[in-house]
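Each residue of the sequence shown is one higher than the last, beginning at 266 in this note's numbering.
For each residue, glycine too, the CB sits at the ideal point set by N, CA and C.
Note that the coordinates shown come from a computational prediction; the quantities given were computed from them, not determined experimentally.
A short write-up of the structure that comes next.
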Amino acid sequence: MNKTLSGKTILLGVTGGIAAYKSATLCSRLVNLGANVRVMMTKGATQFITPLTLQTLTRHPVATDVFDERDASIVQHIDWADSADLAVIAPATANMLSKLANGLADDMISTTLLATTAPLLIAPAMNVHMWEHPAVIDNVNKLASRGATFVEPGTGQLACGYVGKGRLAEPDEIVEAIVKMLVGPKPLTGQRVLVTAGGTVERIDPVRYITNDSSGKMGFALAEAARDRGAEVTLVCGKTEAAPPNGVQIVKIDSAKEMYDAVMARLPGTNIVFKAAAVADYRPLHQEEHKIKKSAEALTLELVRNPDILQGIGDWKTNQTIKNDLFLIGFAAETTDVEKHAIDKLKRKKCDLIVANDVTASGAGFGTETNIVSVYGPQGLIEHIPQMTKRDVAERLLDIVQANRNGLEAHSAGKGTNR
Ligand code: CTP
266 MNKTLSGKTI
276 LLGVTGGIAA
286 YKSATLCSRL
296 VNLGANVRVM
306 MTKGATQFIT
316 PLTLQTLTRH
326 PVATDVFDER
336 DASIVQHIDW
346 ADSADLAVIA
356 PATANMLSKL
366 ANGLADDMIS
376 TTLLATTAPL
386 LIAPAMNVHM
396 WEHPAVIDNV
406 NKLASRGATF
416 VEPGTGQLAC
426 GYVGKGRLAE
436 PDEIVEAIVK
446 MLVGPKPLTG
456 QRVLVTAGGT
466 VERIDPVRYI
476 TNDSSGKMGF
486 ALAEAARDRG
496 AEVTLVCGKT
506 EAAPPNGVQI
516 VKIDSAKEMY
526 DAVMARLPGT
536 NIVFKAAAVA
546 DYRPLHQEEH
556 KIKKSAEALT
566 LELVRNPDIL
576 QGIGDWKTNQ
586 TIKNDLFLIG
596 FAAETTDVEK
606 HAIDKLKRKK
616 CDLIVANDVT
626 ASGAGFGTET
636 NIVSVYGPQG
646 LIEHIPQMTK
656 RDVAERLLDI
666 VQANRNGLEA
676 HSAGKGTNR
């Protein structure tokens, strides 16, 4: 689940218009994104939707009366005003716009908003003639000049029977505006990220195969972290233990050959590749159509080399005839001489960075929830990342990738080249 708004407290003011029913969808979307939502309602709003509905969706009591002080240790409207990262009024009636523009404080919403220093987002909804009334226009302009952000009403059939501008913006549009205000532009927006994860499966016969212990967790964590930074993520995954993340494109493969084809076909247009999968270096020469029957005392399996996918990507990326800005991150599972092997692999496979883990260390490598890695660039060690959750390692890796790509872009811009 994408928890973009986790740790954020949103004060949601619901005022008395028919569109108040849409605040239920809005609450549920915000809660799903991890936000802590505190709802305030005017008396009018409670005519259209019950406080219990919004309390149930947000798991917080809903405030409808500024004098209804249930906790003697706090002054509720001040406490709520102080706790807010953002105040949102949706829907905002013409009456509430007027109160806010003129600094009135005669209900829970207007009183709390006078007391908060949090930014304000307003989504008005009203009859088209009300929206076009000079008094409303003045109030909107006054609030905008004080820094309020508006999600303007949409045009269409209004509940009052008119067709025109005045419908509350759709909850998704309001959520988008909220995310933009609270989280800001995401650093990987517009970037395509390809992640490989899990182990490959090399068939011997219909019921037997060669594989490895990879759980796919590191690749999944990278896919999630890149997704949450706004990237369009493709996850090419083999055999994995955990459930793959939502919000990314999943391409399921079995063998190294299938992974090679899936990855190579997607390189044009891809900006960043994390080659986190554990790929089998060899596969059985023959894949038997039927289950192998036991006969002799010994059975010899002949194995042949698989394509090296990372090498293939490195060759593609450095091929002078292919214009690309691919940034390639390889992984190295080592048991001895980690640094030496990692740097050697980085150079051989033409990676920009290589992430090495000592798979023998406890708390690192296959199947674990945590990892311990060292990141190398062509010049040597960039950073040692001590033991932390795979998700935290993924966040740190993305920071390093972003920093190193920016350096590269700044450097190449001076040379007038694409890289
Ligand atoms: N890799 C790959 N294709 C292969 C083998 C490995 O793309 N056929 C990639 C892995 O996804 C990883 C990197 O190469 O990003 C290093 O994997 P590793 O198993 O550590 O190295 P090998 O290439 O197998 O090298 P060696 O056997 O020399 O250690």
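For a test of your reading of the model: does the CB of ILE402 fall under 8 Å from any non-hydrogen atom of ligand 1? Yes or no. Within the chosen limit of 8 Å, ligand 1 does not reach the beta carbon of ILE402 with any heavy atom.
Cβ contact check for the segment 451-460 and the segment 413-422: 3 or more pairs under 8 Å: The segment 451-460, when compared against the segment 413-422, does not touch it at the 8 Å Cβ threshold.
Could you spell out where the beta strand (DSSP E) holding GLU467 opens and where it closes? Per DSSP, GLU467 belongs to the beta strand (DSSP E) from 467-470.
In the DSSP output, what is HIS649 paired with across the bridge? DSSP lists SER639 as partners of HIS649.
Please go through the segment 487-547 and give each complete alpha helix (DSSP H) segment of 4 or more residues, from N-terminal end onward. The segment 487-547 contains these whole alpha helix (DSSP H) runs: 521-530.
Alpha carbon of ILE515 to alpha carbon of VAL640, nearest angstrom: Cα-Cα distance, rounded: 26 Å.
Would you check if the distance between the CB atom of GLY272 and the CB atom of VAL304 is smaller than 9 Å? Taking the C-beta atoms as reference points, VAL304 is found no nearer than 9 Å to GLY272.
Taking the DSSP output, what are the residues bridged to THR274? According to DSSP, residue pairing for THR274 in a beta bridge involves ASN301.
May I ask you to check if the CB of ALA541 is nearer than 8 Å to at least one heavy atom of ligand 1? True, at least one ligand heavy atom lies under 8 Å from that Cβ.
Best match in THR274, ALA289, LEU298, ARG432 for proximity to ALA383 [C-alpha to C-alpha]: The option with the nearest alpha carbon to ALA383 is THR274.
So GLU438 is in the alpha helix (DSSP H); what residue range does that whole segment cover? According to the DSSP assignment, GLU438 belongs to the alpha helix (DSSP H) that extends over 436-448.
Which residue marks the beginning of the alpha helix (DSSP H) containing GLN578, and which one marks its end? Looking at the sequence provided, one finds Ile at residue 578 rather than Gln. Run containing ILE578: 574-583, per the alpha helix (DSSP H) assignment.
Indicate, with yes or no, if ligand 1 has a heavy atom lying under 8 Å from the CB of GLY463. Every heavy atom of ligand 1 is 8 Å or more from the Cβ of GLY463, so no.
Under 8 Å, with one C-beta from each stretch per pair, do the segment 511-526 and the segment 444-456 reach the 3-pair mark? No: the two stretches stay apart, fewer than three of their Cβ pairs being nearer than 8 Å.
Of all the options GLU604, ALA598, LEU386, which has the alpha carbon lying nearest to the alpha carbon of LEU447? Per the Cα distances, LEU386.
Give a single yes or no on whether GLY645 has its beta carbon closer than 8 Å to a heavy atom of ligand 1. Using a cutoff of 8 Å, the CB of GLY645 does not count as near ligand 1, since none of the ligand's heavy atoms is closer than that.
Do PRO436 and LEU550 have their beta-carbon atoms positioned less than 9 Å apart in this structure? No.
Report the residue from ARG613, LYS614, ARG335, ILE665 whose alpha carbon sits nearest the alpha carbon of VAL638. If we check each option's Cα against that of VAL638, ILE665 comes out closest.
Whose C-alpha, out of THR476, GLY281, ILE374, LEU423, is nearest the C-alpha of ILE314? Relative to ILE314, the option among THR476, GLY281, ILE374, LEU423 whose CA is nearest is GLY281.
Rounded to whole angstroms, what's the CA-CA distance from VAL617 to ILE587? Just pull it up for me. Here residue 617 turns out to be Asp, not Val, going by the sequence shown. About 17 Å.
Taking 8 Å as the cut-off, does the CB of VAL544 come closer than this to any heavy atom belonging to ligand 1? For ligand 1, at least one heavy atom lies less than 8 Å from the Cβ of VAL544.
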